[in-house]
């Protein structure tokens, strides 16, 4: 597990509200998921969109079980019959998203191997070309796949709700307000975001 000592020291020093959340939540356990390929991670993110973790996990497992070694490859997903994908629990919309991603990867119009060498903004630009992959999905990929330390998912409802609660705001902050409030967290916005998510789980921000 990576050490986040430097990031936590910075966040404590610039934001007393976040410092109190850090005290309550405890050590940061944010860690990039390195297993599998970038393609696997993007497939997983599409399957998990707008679903509870448990339902999404079941659908993802059934989907992977359609393929040898439970490892879907782009060229196989493109040719998988729709009734099999529907049988795994995927909606027509998500099947469309997975096929678009898979077609681009299979024909090499969307190369993924070099993504880790690009800056965050270029990766966002690169991946939002795919149907069903928006800015939020790429930000999750940056944080949880590539381990980028300075991602602030301004569109994320959890982050917005946590900020509203922790800072005692009358209404949920708009994305531009999230960016303004979070400016001081840079270059460790990913760690700040992780703590905000955990603060909701812990029922923090009430004091």
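Residue numbers (the numbering used here): -12 to 194.
C-beta atoms are modelled at their ideal positions from N, C-alpha and C, and glycine is treated no differently.
Terminal residues of the alpha helix (DSSP H) in which residue i lies
i           : result
residue 129 : 122 to 131
residue 70  : 69 to 74
residue 188 : 176 to 188
residue 41  : 40 to 51
Reduced DSSP secondary structure (H/G/I, E/B, other) of residue i
i           : result
residue 146 : helix
residue 16  : coil
residue 193 : Residue placement at residue 193 is poorly supported in this model, since its pLDDT is 37, which falls under 50; the coordinates are not used for a value here.
residue 138 : coil
residue 88  : helix
residue 24  : coil
residue 165 : helix
residue -12 : The pLDDT assigned to residue -12 is 43, lower than 50, so where the model puts this residue is not dependable, and the model offers no usable value.
residue 103 : helix
residue 118 : coil
residue 4   : helix
residue -7  : helix
residue 95  : coil
residue 55  : helix
residue 173 : coil
residue 78  : coil
Among the options, nearest to residue i - alpha-carbon criterion
i           : options               : result
residue 130 : 180, 100, 114 and 147 : 180
residue 134 : 72, 102 and 142       : 102
residue -5  : 186, 176, 185 and 64  : 176
residue 144 : 114, 184 and 121      : 184
residue 45  : -3, 107 and 74        : 74
Residue i vs residue j beta-carbon contact at 7 angstroms
i           : j           : result
residue 57  : residue 66  : no
residue 137 : residue 173 : yes
residue 47  : residue 99  : no
residue 171 : residue 10  : no
residue 28  : residue 104 : no
residue 117 : residue 87  : yes
residue 154 : residue 8   : no
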